Amino acid sequence: MGLARLSSIEDGNDFSIEYASWLVEHPCALEKFEEMMKIAKGKKIVIFLDYDGTLSDIVPNPEEAFMTDKMRMVLGEVANRFPTAIISGRKRERVQYFVQLKNVYYAGSHGLDIEAPLDSTNSNEKDNKVVFYQPAIEFLPEKQKDFGTVENIISVVLKEHPNFRVSTGIKVFEIGPNIEWNKGHALEYFLENLGFGNSDDVLPIYIGDDRTDEDAFKVLLKRGQGFPIVVTATPKDTKALYSLREPKEVMEFLLGLVA
Ligand SMILES: O=P(O)(O)OC[C@H]1O[C@H](O[C@H]2O[C@H](CO)[C@@H](O)[C@H](O)[C@H]2O)[C@H](O)[C@@H](O)[C@@H]1O
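Positions 1417 to 1675 (this note's numbering) are the ones given, in order, by the sequence shown.
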């Protein structure tokens, strides 16, 4: 028994054979919900969420990636109950603008710009913000289809600038500093600063849809703790142990946590 997959049934989505067989390896977190909660019993749940494609649907214009009021309400309830952080590829302020919740911690620029509780070892930081870098984010408008050419230009330019690297997303190239810091590091940073650095009884849940979220999934696997959950409606190569099809299912899962 698990939580009902209302959104998929309502939308009339049907599952392809490929998706059904992929689900065997990455079972639906709604269907496994009760099993997961048995594992979580007595542990301190900490929630980590990606933004685009996880809390909001993927839309053509990144400036219009609003989350629904219902998602906001459920997320607010979750954050009242458990420490909750959003780790996004976007600029932190942009995610805060979309989410509008004060009880959530935020990390932007793939975790390079963190607003988090600080432990004593970081007491020199100002205003609970740790900013390693502000992003140079370029969105390619729908009209601009020639991604191959843009990719080649970026690669030629970056050859001259080895201190920078490019990462790719859905219709997006992002150029950032060539340093070893990703969403997985941000997750570890949050856990440490929330006092769960070496804790055996913490249960981190990380939900994300993007390639950059895989770094966080890997951290959970390495720690042997928690639930890495990928959001995808098609089979994909992932380290996640569980899956959800779309943001609506993310909302149902979050709702289950506070029900
Ligand atoms: O880490 P995330 O919170 O998932 O952010 C990843 C990127 O999200 C945004 O782009 C993606 O979502 C847009 C809105 O749905 C969509 O139009 C775009 O195609 C997607 O790539 C954001 O614009 C990027 O800066 C983030 O890195």
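Think of the CB as a built atom: it goes at the ideal place given N, C-alpha and C, for glycine as much as any other residue. All values reported here derive from a predicted model rather than from experimental measurement.
Classify Ala1656 as helix, strand or coil using the three-state DSSP reduction. As a working mapping, residue 1656 is identified with position 240 in the sequence shown. DSSP places Ala1656 in coil when its eight states are reduced to three.
Could you check whether Asp1529 and Arg1508 sit closer than 7 Å to each other, using their CB atoms as the reference points? What you label residue 1508 is simply residue 92 of the sequence shown in a count that begins at 1. What you label residue 1529 is simply residue 113 of the sequence shown in a count that begins at 1. Yes; because the gap between Cβ atoms is below 7 Å, this pair is in contact.
Lys1448 to Glu1604, Cα distance in whole Å? As a working mapping, residue 1448 is identified with position 32 in the sequence shown. As a working mapping, residue 1604 is identified with position 188 in the sequence shown. Between Lys1448 and Glu1604, the C-alpha separation is close to 26 Å.
Below 8 Å, how does it come out for the region 1639-1649 and the region 1471-1486: are there three or more Cβ pairs, yes or no? The answer is no - the region 1471-1486 does not touch the region 1639-1649, with fewer than three Cβ pairs under 8 Å.
Drop a sphere of 10 angstroms on the beta-carbon of His1601, count the other beta-carbons inside from all chains shown, and report buried for 16 or more, exposed for fewer. Position 185 of the sequence shown, counted from the first residue, corresponds to residue 1601. Buried, by the Cβ-count rule.
Hey, would you say the C-beta of Val1582 is under 6 Å away from at least one heavy atom of ligand 1? The residue given as residue 1582 occupies position 166 in the sequence shown. No, the Cβ of Val1582 stays beyond 6 Å of every heavy atom of ligand 1.
So is Val1475 buried or exposed if we call it buried at 16+ other beta carbons inside 10 Å? The residue you call residue 1475 lines up with position 59 of the sequence shown. Looking at its Cβ environment, which holds fewer than 16 other Cβ atoms inside 10 Å, Val1475 is exposed.
Close Cβ partners of Arg1497 (< 6 Å) along its chain, the five nearest in sequence each way excluded: For the purposes of this step, residue 1497 is identified with residue 81 of the sequence shown, where counting begins at 1. Spatial neighbours of Arg1497 in its own chain (CB-CB distance under 6 Å, excluding positions within 5 residues in sequence) are listed in chain order as Val1674.
Can you name the start and end residues of the alpha helix (DSSP H) that Pro1663 belongs to? For the purposes of this step, residue 1663 is taken as residue 247 along the sequence shown, with counting starting at 1. Note, Pro1663: alpha helix (DSSP H), 1663-1674.
Could you pull the start and end residues of the alpha helix (DSSP H) that Leu1565 belongs to? On the sequence shown, position 149 is the one that residue 1565 refers to. One detail in the question is off: residue 1565 reads as Thr in this sequence, not Leu. First-last of the alpha helix (DSSP H) with Thr1565: 1563-1575.
Start and end of the beta strand (DSSP E) containing Lys1459? Within the sequence shown, the letter at position 43 stands for residue 1459. Here Lys1459 belongs to no beta strand (DSSP E), and DSSP marks it neither H nor E.
Run the CB neighbour count on His1577, radius 10 Å, all protein chains shown included, and call it buried at 16 or more, exposed below. Walking along the sequence shown from the start, residue 1577 turns up at place 161. For His1577, the number of other beta carbons within 10 angstroms of its own is below 16, and it is reported as exposed.
Top-ranked residue by Cα proximity to Tyr1467, from Thr1565, Tyr1521, Met1453: To locate residue 1467, count along the sequence shown from 1; it is residue 51. Distance check between Tyr1467 and each of Thr1565, Tyr1521, Met1453 places Tyr1521 closest, using alpha-carbon atoms only.
Cutoff 6 Å; reference Thr1584; Cβ partners in own chain excluding five residues on either side: To locate residue 1584, count along the sequence shown from 1; it is residue 168. Excluding its 5 nearest sequence neighbours in each direction, Thr1584 has no C-beta neighbour in its own chain below 6 Å.
Just the Cα atoms here: how many angstroms apart are Gln1516 and Glu1668? The residue labelled residue 1516 in the question sits at position 100 within the sequence shown. The residue labelled residue 1668 in the question sits at position 252 within the sequence shown. Taking the CA atoms as reference points, Gln1516 sits about 20 Å from Glu1668.
Lys1599 to Ile1591, Cα distance in whole Å? Locating residue 1599 in the sequence shown gives position 183, where the first residue counts as 1. Locating residue 1591 in the sequence shown gives position 175, where the first residue counts as 1. Going from the Cα of Lys1599 to the Cα of Ile1591 covers about 16 Å.
Could you pull out every residue in the same chain whose Cβ sits closer than 7 Å to the Cβ of Thr1650, ignoring the five residues on either side in sequence? The residue labelled residue 1650 in the question sits at position 234 within the sequence shown. Around Thr1650: Tyr1435.
Spatial neighbours of Ile1461 within its chain, please: C-beta separation below 6 Å, excluding the five flanking residues on both sides. Position 45 of the sequence shown holds residue 1461. Here Ile1461 has Phe1498, Leu1619 as same chain residues with Cβ atoms under 6 Å from its own Cβ, once five neighbours each way along the sequence are excluded.
Tell me Thr1484's beta-bridge partners as DSSP assigns them. Stepping through the sequence shown from its first residue, residue 1484 is reached at position 68. In the DSSP output, where bridge partners are listed per residue, Thr1484 has none listed.
Go ahead and pull the three-state DSSP assignment for Thr1537. Reading the sequence shown from its first residue, position 121 is the one you call residue 1537. Residue placement at Thr1537 is poorly supported in this model, since its pLDDT is 44, which falls under 50; the coordinates still yield a value, given next. DSSP, reduced to helix, strand and coil, places Thr1537 within a helical segment of the structure shown.
Ala1523, enclosing beta strand (DSSP E) - first and last residue: Sequence index remark: in the sequence shown, residue 1523 carries index 107 (1-based). DSSP places Ala1523 inside the beta strand (DSSP E), whose first and last residues are 1521-1524.
Please report the residue range of the beta strand (DSSP E) in which Glu1590 lies. Residue mapping note: residue 1590 aligns to position 174 of the sequence shown, counting from 1. Unbroken beta strand (DSSP E) run through Glu1590: 1588-1593.
Under 6 Å from any heavy atom of ligand 1, does the C-beta of Arg1639 make it? Residue mapping note: residue 1639 aligns to position 223 of the sequence shown, counting from 1. No, Cβ of Arg1639 sits at least 6 Å from all heavy atoms of ligand 1.
Who does Phe1580 pair with in a DSSP beta bridge? Here residue 1580 is taken as the residue at index 164 of the sequence shown, counted from 1. Pro1593.
Going by other Cβ atoms of all chains shown within 10 Å of its Cβ, with 16 needed for buried, is Thr1565 buried or exposed? Position 149 of the sequence shown, counting from 1, holds the residue named residue 1565. Exposed.
Near Arg1581, what residues of its chain come up, given a Cβ to Cβ distance below 6 Å and the 5 sequence neighbours on each side ignored? Residue mapping note: residue 1581 aligns to position 165 of the sequence shown, counting from 1. Taken in chain order, the residues that qualify are Asn1594.
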